[in-house]
Amino acid sequence: MSTPETKRGGLPHQPPGNTLGKENYLNASRGFLSWALTLDHKRIGLMYLVSILTAFLGGGLAALYVRTELIAPGQTLGDADMYNQAFTLHGAIMVFLFIIPGIPAALGNFVLPLLLGAKDVAFPRLNLASYWLWVCGAIFAVISLATGGVDTGWTFYTPYSSSTTTSVIPIVTGVFILGFSSIFTGLNFIVTTHKLRPKNMGWFNMPLVMWALYSTAIIQVLATPVLAITLLLLIAERAMGIGIFDPALGGDAVLFQHFFWFYSHPAVYIMILPAMGIISELIAVFSRKHIFGYTFIAYSSVAIAIFGFIVWGHHMFTSGQSDLLNMIFAALTFSVSIPSAIKIWNWLATLYKGSISWDTPMLYALSFIILFTIGGLTGLFLGMLAVDVFLHDTYFVVAHFHYVMFGGTVIAFLGGLFYWWPKMTGRMYSETSGRLSAALIFIGFNLTFFIQFILGSQGMPRRYFDYLPRYEFYHQVSTIGAYITALGFMVAAYSLAMSLVRGKLAPANPWGGNSLEWHTTSPPPLHNFEGEPRSDDPYDYGDWKWDDSVEGFVRKDAEATA
Amino acid sequence: MSHDHDHPSYLQHHFDTPEQQFTSSKLGMWLFLATEVLMFGGLFCAYSVYRGNHPEIFMYAHQFLDTKLGAINTVVLLCSSLTMAWAVRAAQLGQKRLLPFMLILTLAGAFGFMGIKYIEYSSKFDHGLLWARAYEPHEEGHHGDDHGDGHEAGAADHGAAHDGGDDHGDADHNGAADHNGASDHNGDAAHEAAAGDHGGEQAEALPDGVLEILPSGLKVEKSTIAPPGSAPSGTVLTVSDDGHGEHHGPEPEKTKVFFSIYFLMTGLHGIHVLGGIVVIFWLLFKSLGGAFGPEYYTPVDLVGLYWHLVDLIWIFLFPLLYLIH
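Those protein sequence lines, which keep their order, are chains A and B. Read in order, the letters of the first sequence correspond to residues 660 to 1221 in my numbering. Read in order, the letters of the second sequence correspond to residues 125 to 449 in my numbering.
In structure tokens:
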């Protein structure tokens, strides 16, 4: 494996299993093209990570603009058009450029082959294509911004989206391209999971995050094409005037909503499922206890993926759907809560009598459980027909959505990022700043969004530029919460950035996990493993013990031989 | 990493065996085809919804499609599917001269299909039978003026849209709705006029004069669908392509959306045929270099799958668009 010229000396205080300064995937080749044209899933994962975090920054700034605008009734920063564009930009960037690729394409790309003990994903070129398509999509989003912005909201509902004069076509083209990026990732993950598992790893020996990524990939492959054709129809509607969505021509504007949500409801499971997978890992590892109810968690991921396809109509309870259809969709919507609840209870059972360590990833994981539970339960309010009629299009929906997407996905993403950061970079971050970021984000998030449940139940409609004075207090609390959240993100960014500069060198297994990525060095070598990795039960932590000299976990049998 | 021992050149480093690589590629292709089916599925769904809501439009408008050319194209594509399957077989058996030959035949089929599609499309363009916004049907008689007419009408259309203030073409519909009762007669008149030799003259005389007559109270004056016929909505076109248009009933409102759907579905399908042409050319190029044989024919197999899907989609498009009764 190692050749003389790549074998370099180690760094001071280098624990065994750390390869910084030695041969690893980061220094296997050099130069811009060695990254831009890399077929290595780890590098593609890192490029995705940097790119989606950039998008996240953009979407976050748009969010801060929106919250600042709403700190007082009337005009605060800019006019109403500006506000409409800001929330559209926030939604579109966050959903299509950040959350959807966030966990699968960035973290998933890095860890999925490692979790399987594979050398790479099944189609490395497709993986690279997926990344560059993401970049193309992002460029189109920027073009739409440069050509006057969009004010349709991220859902692009017709007939407004087919008649507004803002530049809808560029951003819709961008989202269309991003869809293909997402399909490529999903397709790759499905084939990799099927074909590249080690011989002794059956489906039920996989870490649960694999089940989650696999279920996600199924949705990506089966739902995204429908978004593609929907957006193509919307582009044709605007560019050519085809009339499919135009009531004046006998078309059906609600058909667009059906099409859109046929993708976008499964898409919220694209966003949340991998998050749940990460949580399954974190809860077990940081409780130092075997995951409770493995099979149930595994099947519940698949169940969510399936149910996710048959509930889209609950977005259109007030759009003029028939009562019968509304009732069917409401009933189906409730059914999704069953697999979600199965997961929550199994996580709680895993925590029970566990030996819990309060490391940063675990703090994020515990935040997730609390926030996702609130988000999930308020989803039941909205799934209930009689209640939804009142809460539809209010801040209650905004709060629910953010509890699931932000309190759920983004928090789990951060948990996963802190969890795998030592593996990616070979550096440990400061636990103090990491924990502080988790606490700040938790407090700021709840301040921002819990009050929006109240705001919504009192009748404040979403997406409004102006509001009655009696809502002012709530909006101010929410805005202050947004600033605290932003501060939390800055602390998290600081923590991770500083680790690169002066973080301690990470051992191969800082957390004591037993899934295969912890069996290789930090950072891993170009082809992931030296020799064939041995796969056993990923949740059996008995083989690992803490070693003070390494500041990480080492295998008991390895110590015996050493 | 060592690539050297026993690894054939086509085996990528992260696969252990050629079978693993082959079955992975094949699974990947099937998943890709699933995405294609779902994408076209969305279009078929839009088709179904629109047809369910407006069956009369499909009953009326399908007669402007040329069934004969469509049928020929179906046969052409089916034959190209056969030659493609034959090419896969040739690759598997290592018949290194038959393989490129079959690929060339497949390409011939693909180009034949696109050629016939081109003839159909240009006839639609000649008659102004285009997607909703560009829909300006007119008789075949006056090829010379086609462009002029188109431009005038286009300009007037814009005028109408601006005058109306709201939806483009909205005015047309109101007009059409008002005239539905009378359109039978208008239609007949138009038909007679068109059948006679005066068709051309009339077409030139009309755009200025007739449009003003509309008695609707709404802002319909500048309604511009108006082709040679006297009323904007009652226009009846004789079906000239295949010579036997069965029934020339009055044109239903919103017939134009049929052509939107027609162009979208056949257009997206056509793009897939073009994509197929590109990859088959690539296969041809590689096969001439002797890249494929019994031990490695994955790309031929996968492109074959894709080509069959493209064929299959046409098998659905043809009856859904051309063979409506």
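For each residue, glycine too, the CB sits at the ideal point set by N, CA and C.
Simplified DSSP assignment, three categories, for residue i
i, result
"aspartate 1206 of chain A", "strand"
"aspartate 366 of chain B", "Any reading at aspartate 366 of chain B is ruled out, since the residue's pLDDT is 45, under 50, leaving its predicted position unreliable."
"valine 780 of chain A", "coil"
"asparagine 683 of chain A", "coil"
"arginine 856 of chain A", "coil"
"arginine 1094 of chain A", "helix"
"tyrosine 420 of chain B", "strand"
"serine 822 of chain A", "helix"
"leucine 231 of chain B", "helix"
"leucine 447 of chain B", "coil"
"asparagine 677 of chain A", "strand"
"arginine 1086 of chain A", "strand"
"serine 1181 of chain A", "strand"
"leucine 696 of chain A", "coil"
"leucine 1164 of chain A", "strand"
"phenylalanine 440 of chain B", "helix"
"histidine 251 of chain B", "coil"
"arginine 257 of chain B", "helix"
"phenylalanine 815 of chain A", "coil"
"valine 850 of chain A", "helix"
"glycine 838 of chain A", "helix"
"phenylalanine 757 of chain A", "helix"
"phenylalanine 1077 of chain A", "helix"
"serine 789 of chain A", "helix"
"asparagine 1173 of chain A", "coil"
"lysine 241 of chain B", "helix"
"serine 978 of chain A", "coil"
"phenylalanine 1109 of chain A", "helix"
Residue range of the alpha helix (DSSP H) that includes residue i
i, result
"glycine 1147 of chain A", "1131 to 1161"
"arginine 702 of chain A", "700 to 728"
"glycine 1118 of chain A", "Per DSSP, glycine 1118 of chain A belongs to no alpha helix (DSSP H) and is neither H nor E."
"valine 1069 of chain A", "No alpha helix (DSSP H) holds valine 1069 of chain A; DSSP gives it neither H nor E."
"histidine 1061 of chain A", "1054 to 1063"
"proline 772 of chain A", "768 to 775"
"glutamine 744 of chain A", "739 to 751"
"arginine 897 of chain A", "867 to 899"
"phenylalanine 918 of chain A", "912 to 946"
"methionine 389 of chain B", "380 to 412"
"threonine 954 of chain A", "953 to 966"
Boundaries (first-last residue) of the beta strand (DSSP E) holding residue i
i, result
"phenylalanine 1212 of chain A", "1211 to 1214"
For residue j and residue i, believed in contact at Cβ under 8 Å, the rounded distance
i, j, result
"leucine 914 of chain A", "valine 173 of chain B", "6 Å"
"phenylalanine 863 of chain A", "alanine 957 of chain A", "7 Å"
"threonine 811 of chain A", "threonine 747 of chain A", "6 Å"
"tyrosine 928 of chain A", "alanine 964 of chain A", "6 Å"
"phenylalanine 976 of chain A", "histidine 1051 of chain A", "6 Å"
"phenylalanine 919 of chain A", "threonine 875 of chain A", "So it is not a contact: roughly 19 Å between Cβ atoms."
"serine 826 of chain A", "glycine 796 of chain A", "Going by Cβ atoms, the distance from serine 826 of chain A to glycine 796 of chain A rounds to 15 Å, so no, they are not a contact pair."
"serine 749 of chain A", "alanine 722 of chain A", "Note on identity: in this sequence residue 749 of chain A is histidine, with serine being the wrong assignment. The pair is a contact, with the Cβ atoms about 5 Å apart (cut-off 8 Å)."
"isoleucine 878 of chain A", "proline 925 of chain A", "5 Å"
"isoleucine 842 of chain A", "threonine 159 of chain B", "6 Å"
CB contact below 8 Å: residue i versus chain C
i, result
"methionine 899 of chain A", "Absent from the structure is chain C; the protein chains it does hold are A and B."
Kindly confirm or deny that the region 892 to 900 of chain A and the region 976 to 994 of chain A touch, where touching means at least three C-beta pairs closer than 8 Å. no
Please confirm if the region 691 to 699 of chain A is in contact with the region 1100 to 1108 of chain A, defined as three or more CB-CB distances below 8 Å between the two stretches. no
Pairs of beta-carbons, one from the region 926 to 942 of chain A and one from the region 851 to 865 of chain A, closer than 8 Å: are there three or more? no
Counting Cβ pairs closer than 8 Å, one from the region 1163 to 1181 of chain A and one from the region 1122 to 1139 of chain A, do we hit at least three? no
Which residue spans inside the region 161 to 201 of chain B form an unbroken alpha helix (DSSP H) run of at least 4? 179 to 185
Taking one C-beta from the region 988 to 1008 of chain A and one from the region 948 to 957 of chain A each time, how about it: are there three or more such pairs within less than 8 Å? yes
4-residue-minimum alpha helix (DSSP H) runs that sit fully inside the region 990 to 1063 of chain A, ordered along the chain: 1019 to 1042, 1044 to 1050 and 1054 to 1063
Indicate whether the contact test is met: 3 or more Cβ pairs, each with one atom in the region 752 to 760 of chain A and one in the region 833 to 843 of chain A, closer than 8 Å. yes
Specify whether the region 788 to 807 of chain A and the region 856 to 872 of chain A touch according to this definition: at least 3 beta carbon pairs, one from each stretch, less than 8 Å apart. no
Check whether the region 195 to 202 of chain B and the region 380 to 390 of chain B are in contact - that is, three or more C-beta pairs closer than 8 Å. no
Between the region 1081 to 1094 of chain A and the region 1165 to 1172 of chain A, are three or more C-beta pairs nearer than 8 Å? yes
Touching or not, the region 764 to 772 of chain A and the region 700 to 709 of chain A, by the rule of three or more beta carbon pairs under 8 Å? yes
Say whether the region 399 to 406 of chain B touches the region 212 to 223 of chain B, bearing in mind that this needs 3 or more beta-carbon pairs closer than 8 Å, one atom from each stretch. no
With three or more beta-carbon pairs closer than 8 Å as the criterion, would you say the region 1038 to 1055 of chain A touches the region 1112 to 1125 of chain A? yes
If we count Cβ pairs, one from each stretch, closer than 8 Å, do we get three or more for the region 149 to 156 of chain B versus the region 1192 to 1209 of chain A? no
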